[in-house]
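Student: Residue numbers (the numbering used here): 1401 to 1748.
Got a structure here, written out as structure tokens. Questions coming.
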Amino acid sequence: MIDLRSDTVTQPSLAMRQAIFDAPVGDDVYGDDPTVNAFEAKVAQIFGKEAGLFSPTGSLANQLAIRTLVKPGEELLTESFSHIVRAELGAAAAFSGITTRTWEDPNGILRADLPLKLATPNAGPYLVSTTAIAVENTHNFGGGSVQPLSEIAKLYEGAQALGLTLHLDGARIWNAHIATGVALKEYGKFFDTISVCFSKGLGAPVGSMVLSTQERITSARQWRKRYGAGMRQIGLLAAAADFALENNLSLLAQDHARATAIATAAHQVAPTVVDPKNVPTNIVVFDLQDLTCSAAELNSQLREAGIAGSALGPKFLRLVTHLGISDEDVSRVNTILPELLQRALKSK
Ligand SMILES: Cc1ncc(COP(=O)(O)O)c(C=O)c1O
């Protein structure tokens, strides 16, 4: 099976398993794990932040971060297809009493004016007060889209003027960095809290991190324990994540080229379905409005041919490239997918 469901399906390499094997560990609830301690300090430094906190998932990293920014009953603004509001099962409300309002960006690409217009800071005793804005970079459901640095800077200036804080859901900030060449520290400058994942394109089996000031990270550490995610010898996981960061970051460029190749081949037969210009990283989203088949039908036809994708809406199919996908896999996808698209167009 050529598995393009997500970049989370990778298998740890032998060398990564060796790094796990070799890691010195201790009990992290006591602060004793040298590998995770060193890794948290290292990643914090990469983003120009004071401290980091290892988390088992990106969802928890997001939730820990935003609860340090927004009090119960206050408001977080985020894009309507962002992971925080769409795929974390209402965690912000369920865990932290945070209310959310959303704005819509075509392809998930940030236009800073929209959240800034929506924001109502210090709204008094009648309206909900906005205290933070979250940005996703790259934007998953937007098709791996990269946020323009100019819009991030504009959002930062506007947020500063309004007294609002900013969170970056940087689960795939690595892809944005590789696609644009913008330094990770440069992204770090604009955000009060950042979440990053090592278990997506970088290929670690588990692991994310929250990055912020020492004070916020101390609070997030308490909440992580309160949620039952205080972990023990997690140097084993941190060693895998560190290996992924050291060895796999530059390989993301290949994932991006392979995603563009898939989008280009599909575009040649079905131009309205996908535009390779809108595929800057490793996520290809297909809009099947002009086809007779649904995303679920196309996905099951692909499956019969040995290719797995994700049908994420009635007419919305997603294919994601990653470490486990080779050029040969892409060639095979590019012989099968265009033919299926052609058939769906023809019988229209
Ligand atoms: C943008 C984004 N943020 C956060 C997450 C959450 O990561 P996890 O699945 O580790 O909870 C994901 C997962 O796909 C994601 O795409």
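Note that CB positions come from ideal geometry on N, CA and C, so glycine has one too.
1) Count the CB pairs spanning the region 1578 to 1594 and the region 1500 to 1508 that are closer than 8 Å, and state whether there are at least three.
2) Following the continuous alpha helix (DSSP H) through H1539, name the residue where it begins and the one where it ends.
3) Within the same chain, show all residues whose beta-carbon is closer than 8 Å to that of A1423, passing over the 5 residues directly before and after it, in chain order.
4) Along the beta strand (DSSP E) that carries I1594, what are the first and last residues, could you check?
5) Under 6 Å from any heavy atom of ligand 1, does the C-beta of N1540 make it?
6) Could you give the first and the last residue of the continuous beta strand (DSSP E) run that contains A1711?
7) Ignore the nearest five residues each way along the sequence and tell me which others in L1702's own chain have a CB closer than 6 Å to its CB.
8) Using the rule of at least 16 other Cβ atoms within 10 Å of the residue's Cβ for burial, across every protein chain shown, is G1603 buried or exposed?
9) For V1429, which of L1717, A1665, R1743, R1621 has the nearest alpha-carbon?
10) Under a three-way DSSP split, which group does L1687 fall into?
11) In terms of residues, what are the limits of the beta strand (DSSP E) holding E1479?
12) Since I1707 sits in a beta bridge, which residues does DSSP pair it with?
13) Quick one: is the Cβ of S1459 within less than 6 Å of any heavy atom of ligand 1?
14) By a C-beta neighbour count over all protein chains shown, 10 Å radius and 16 as the cutoff for buried, is A1561 buried or exposed?
15) Roughly how many whole angstroms lie between the Cα atoms of P1515 and T1500?
16) Which class does H1722 belong to by DSSP, given the choice of helix, strand or coil?
17) Figure out for me which residue from F1447, D1433, H1567 has the closest Cα to the Cα of L1631.
18) Is it buried or exposed, K1471, if we count other Cβ atoms within 10 angstroms and call 16 or more buried?
19) Mapping the DSSP letters down to three states, classify F1447 as helix, strand or coil.
Tutor: By the coordinates alone:
1) Too few Cβ pairs lie closer than 8 Å, so no.
2) In the sequence shown, the residue the question calls residue 1539 occupies position 139. No alpha helix (DSSP H) contains H1539, which DSSP labels as neither H nor E.
3) Along the sequence shown, read from residue 1 onward, the residue named residue 1423 stands at position 23. Correct list, in chain order: T1435, G1635, L1636, A1638, A1639.
4) Working through the sequence shown from its first residue, we reach residue 1594 at position 194. That run of the beta strand (DSSP E) goes 1593 to 1597.
5) Locating residue 1540 in the sequence shown gives position 140, where the first residue counts as 1. At least one heavy atom of ligand 1 is nearer than 6 Å to the Cβ of N1540, so yes.
6) To locate residue 1711, count along the sequence shown from 1; it is residue 311. Where A1711 is concerned, the enclosing beta strand (DSSP E) stretches over 1710 to 1713.
7) In the sequence shown, the residue the question calls residue 1702 occupies position 302. Excluding positions up to five away in sequence, the list reads G1709.
8) Along the sequence shown, one-based indexing puts residue 1603 at 203. Residue burial annotation: G1603 is buried, with at least 16 other C-beta atoms found within 10 angstroms of its C-beta.
9) Here residue 1429 refers to the residue found at position 29 of the sequence shown. Closest option to V1429, Cα to Cα, is R1621.
10) Within the sequence shown, numbered from 1, the residue matching residue 1687 stands at position 287. Note on residue identity: the sequence assigns Asp, not Leu, to residue 1687. Reduced to three states, the DSSP call for D1687 is strand.
11) On the sequence shown, residue 1479 is found 79 positions in, with the first residue counted as 1. It spans 1475 to 1479 - the beta strand (DSSP E) in which E1479 sits, taken as one unbroken run.
12) The residue labelled residue 1707 in the question sits at position 307 within the sequence shown. Residue pairing by DSSP puts I1707 in a beta bridge opposite I1402.
13) Counted from its first residue, the sequence shown places residue 1459 at position 59. The answer is yes for S1459.
14) In the sequence shown, the residue the question calls residue 1561 occupies position 161. A1561 comes out exposed.
15) Indexing the sequence shown from 1 puts residue 1515 at position 115. Indexing the sequence shown from 1 puts residue 1500 at position 100. If I take the Cα positions, the gap works out to 12 Å.
16) As a working note, residue 1722 is residue 322 in the sequence shown. If DSSP states are grouped into helix, strand and coil, H1722 belongs with coil.
17) Here residue 1631 refers to the residue found at position 231 when the sequence shown is read from its first residue. Strictly speaking, residue 1631 in this sequence is Met, with Leu absent from that position. The candidate whose alpha carbon is nearest that of M1631 is D1433.
18) The residue given as residue 1471 occupies position 71 in the sequence shown. Classification for K1471: exposed.
19) For this step, residue 1447 is matched to residue 47 along the sequence shown. Looking at F1447 - three-state DSSP - the assignment turns out to be coil, as it is neither helix nor strand.
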